[in-house]
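Protein chains in written order, with this note's numbering: chain A, 1 to 269; chain B, 1 to 306.
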């Protein structure tokens, strides 16, 4: 691969890496990333075909809540580079099929890398906190951009390695990650959201509103109630509760003597 | 009304809209989208607050925990812009109100955004583009890229503006008493939603098998003695339909998680969350807790109990 192609591949990989976390312009989706890699390496049609095929596989890969989906960015970029290298020695169909076969293990490797970045982002955000204390806007912005850049490098470095090192060595390295590590990170990732929620609770909780936390938790156990449904219930509860509080205040003020109207009527007799 | 009423200009709001596209840039396990949210709010904070202390306070309160689907975040940021504008003009909008509104909106709106964007619009456009691309045509990728981004950017702008106008209307109607009620209501809604999110989005599963019980005859499908051919399949499916998942094997396996779920599903998740609350109050650093949880996950997977 000539140097200019390599450079452009790294640029595309960087954008794909950024978009892998941003999830806005979709530069990380196979349709876009594989096409771009194909274009900059002089194999546009093969890139487009690979992109289309992988896109069908990746239709359901989406990050929901704190759960991380298989990584489309590394899968698209790495398999496209492998395909391009394969085109040097084999025919189009073989090259594309090899690339497709590697896409899923690559997506798992990419998943691991993004989990790493999301952990490294924690101290970065703490630096943002420090800058915020000083009202240093530039400082806050800098750390945000650095974090985005880190995610870009997450794909750019493997891409650069793939361009230079024989593909087999890189894929062997990516697949060398032991199952217990990847699985363990996934298990840990599922639990980690509790920390963020705990921070919110500590900020918002008063003795008065704890019952609503309990209610929300229990009602969420009914799987057929969607998050919107839960939102509706939450709003309704808040309105009812505030309304009752109001009534209680008015009742106490205007009730006058005793709080017992029946007793008052009987007393009048 | 004060003579020098500060307002967010269209240019300010456009700047927020543009930066909002980088919402997930510093996604982290501690406070998730908080960095990107603050980054997006900076143009508004600069426009509304001139005093360094107020700016610092604004930056800090916008670095709080936040996580939702990145596009439905737009109406939330719109409402927040309106609330901040009112606060800058002197209305006593508390931190609790703003955070309560964010937390109260982020869960339910994610429940809309995830299915609509990730599981409907993107797969449809993706499949459409992919089918054209598999034939080698560049129209496929182009169509996907252009259609998706037009929809996305328009949605981000118009819902942000909608949130802003709705938020301003609500805020304008707020007298002191009503504002206090909104704060309280926001706390109630926020705690309710967080309770729900703990149940739905914190996942702990204990895999150890607690018991293996040989089931009584009739409680499971006797595979060896089914009629041959499709009649056998029909018989098996009928029994499965009547009995359920436990019918597949003569041995009923109960895991620790099954037992916990009998008490209440998500019990471990809420216990973990409350433990984290305690630890955080004792000033244990969030990073420590997060790394510890990853370690527990890895050990659990290694030793086979998670």
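Glycine included, every Cβ here is placed at the ideal spot set by N, Cα and C.
Since the model is a prediction, treat every value here as computed from it, not as a measurement.
Please list, in chain order, the chain A residues whose beta carbon lies closer than 8 Å to that of residue 290 of chain B.
119, 122, 192, 195
Would you say residue 167 of chain B lies against chain A (beta-carbon separation less than 8 Å)?
no
Would you say residue 268 of chain B and residue 260 of chain B are within 8 Å of each other, going by their C-beta atoms?
Taking the C-beta atoms as reference points, residue 260 of chain B is found nearer than 8 Å to residue 268 of chain B.
Cβ of residue 130 of chain B within 8 Å of Cβ of residue 56 of chain A?
yes
Curious, which full-length alpha helix (DSSP H) runs of at least 4 residues does the stretch 59-147 of chain A contain?
Restricting attention to alpha helix (DSSP H) runs no shorter than 4 residues, the stretch 59-147 of chain A encloses them at 72-89, 92-133, ordered along the chain.
Ordered along the chain, which non-local residues of its own chain (more than five positions away) have a Cβ less than 7 Å from that of residue 2 of chain B?
Bear in mind that a pLDDT of 46 at residue 2 of chain B, under 50, signals an unreliable position, so the number given afterwards is only what the model happens to contain. Within the same chain, residue 2 of chain B has close Cβ partners 89, 90.
Starting from residue 289 of chain B, trace the alpha helix (DSSP H) both ways and give me its first and last residue.
286-303 is the span of the alpha helix (DSSP H), which, as asked, contains residue 289 of chain B.
Which residues, taken in chain order from the stretch 69-81 of chain A, show a beta carbon closer than 7 Å to some beta carbon of chain B?
Those would be none; no residue qualifies.
Chain A partners of residue 262 of chain B, CB-CB under 9 Å?
Result: empty, since nearest Cβ-Cβ is about 12 Å, beyond 9 Å.
Here's the rule: buried if 16 or more other CB atoms are within 10 angstroms of the residue's CB, otherwise exposed. What is residue 223 of chain B?
exposed
What does the alpha-carbon distance come out to for the pair residue 191 of chain B and residue 287 of chain B?
Distance between the alpha carbons of residue 191 of chain B and residue 287 of chain B is about 24 Å.
Pick from B:75, B:282, B:42, B:72: whose alpha carbon is nearest that of residue 60 of chain B?
B:42
Taking the C-alpha atoms as reference points, what is the distance between residue 127 of chain B and residue 111 of chain B?
23 Å
What separation, rounded to the nearest whole angstrom, lies between the Cα atoms of residue 139 of chain B and residue 45 of chain A?
11 Å
Relative to chain B, which residues along the stretch 88-110 of chain A have a C-beta separation below 8 Å, given in chain order?
none
Compute the beta-carbon to beta-carbon distance between residue 230 of chain A and residue 193 of chain B, rounded to the nearest angstrom, for a pair I have assumed lies under 8 Å.
In this structure, residue 230 of chain A and residue 193 of chain B form a Cβ contact; the two beta carbons are roughly 7 Å apart against a cut-off of 8 Å.
Residue 214 of chain B in three-state terms, based on DSSP
In the structure shown, residue 214 of chain B sits in a strand (DSSP, three-state: E or B).
Identify the contact partners of residue 163 of chain A in chain B, using a Cβ-Cβ distance below 7 Å as the criterion.
The premise fails here: residue 163 of chain A is roughly 22 Å from chain B at the closest Cβ pair, so nothing lies under 7 Å.
Whose Cβ in chain C lies nearer than 9 Å to the Cβ of residue 91 of chain B?
Chain labels in this structure do not include chain C; the protein chains are A and B.
With residue 34 of chain B and residue 125 of chain A assumed to form a contact (beta carbons below 8 Å), what rounded beta-carbon distance in angstroms separates them?
The C-beta distance from residue 34 of chain B to residue 125 of chain A rounds to 7 Å, short enough to fall under 8 Å.
Considering Cα atoms alone, identify which of A:77, A:4, A:34, A:16 is closest to residue 133 of chain B.
A:34
Straight-line CA distance for residue 80 of chain A to residue 12 of chain A?
Cα to Cα, the separation comes out at about 11 Å.
Would a check of beta-carbon distances place residue 51 of chain A closer than 8 Å to chain B?
Answer yes: the Cβ-Cβ gap between residue 51 of chain A and chain B drops below 8 Å somewhere.
At 9 Å on the CB atoms, spell out the chain B contacts of residue 271 of chain A, in chain order.
Within the shown structure, residues of chain A are numbered from 1 to 269, placing residue 271 of chain A beyond reach of any answer.
What residue range is occupied by the uninterrupted beta strand (DSSP E) comprising residue 35 of chain A?
Per DSSP, residue 35 of chain A belongs to no beta strand (DSSP E); it is in the alpha helix (DSSP H), 30-40.
Of all the options B:158, B:76, B:83, B:92, which has the alpha carbon lying nearest to the alpha carbon of residue 109 of chain B?
B:76
Secondary structure of residue 2 of chain A, DSSP reduced to three states:
coil
Whole-number beta carbon distance between residue 48 of chain B and residue 85 of chain B, since they are thought to touch under 8 Å
6 Å
Return no unless some Cβ of chain A is closer than 8 Å to the Cβ of residue 237 of chain B.
no
One or two residues paired with residue 283 of chain B in a DSSP bridge
DSSP output for residue 283 of chain B lists no bridge partner at all.
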